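Presented below is the structure to which this report refers.
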Amino acid sequence: MCHNIIDGRYHTQCFHFVEMATRTVDCLRANCLFSTRHAHPVGCRNSQCVRLMATPVKNPIRVSPACCPNCIHIKKLGGPIGKPPPSPIASRQ
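Just so you know, the sequence shown maps onto residues 1 to 93 in UniProt numbering.
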């Protein structure tokens, strides 16, 4: 199956991955809809053809010891990082 490789920056403090670039890896199979060697014409309806790509692979090309930009923004606003906001029902009690 064809799949995407996502290059990006991994932030070790908040464990987030920020995408920078994506490239596709061709599986070179005749029955894969995304392959350059796909045997059927555009708009193929053959049930034997693979119609899904494999799960994308994250490739950390940079590792940052700091938080990602979104977490820094949340921190400046005073919100928690890595925790869901409190439920409005729980705060009324």
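Glycine residues also receive a C-beta, built at the ideal position from the N, C-alpha and C atoms. Nothing here was measured: the structure is a model prediction, and the numbers come from that model.
For residue 160, list the residues DSSP reports as bridge partners. Nothing about residue 160 can be reported from this structure: the residues present for the chain run from 1 to 93 only.
Considering proline 60, what are the terminal residues of the beta strand (DSSP E) in which it resides? The residue given as residue 60 occupies position 60 in the sequence shown. Note, proline 60: beta strand (DSSP E), 57-64.
Arginine 9 and proline 56: beta carbons closer than 8 Å? By one-based count along the sequence shown, residue 9 stands at place 9. By one-based count along the sequence shown, residue 56 stands at place 56. No, these two residues do not count as a Cβ contact at 8 Å.
What's the call for histidine 38, buried or exposed, on a 16-neighbour Cβ count within 10 Å? To locate residue 38, count along the sequence shown from 1; it is residue 38. By the 10 Å Cβ count, histidine 38 comes out buried.
Just to confirm, is the Cβ distance from histidine 11 to cysteine 67 under 8 Å? If you number the sequence shown from 1, residue 11 lands on position 11. If you number the sequence shown from 1, residue 67 lands on position 67. Going by C-beta atoms, histidine 11 is nearer than 8 Å to cysteine 67.
What do you reckon, are the CB atoms on lysine 58 and phenylalanine 15 nearer than 8 Å? Taking the first residue of the sequence shown as 1, we reach residue 58 at position 58. Taking the first residue of the sequence shown as 1, we reach residue 15 at position 15. No.
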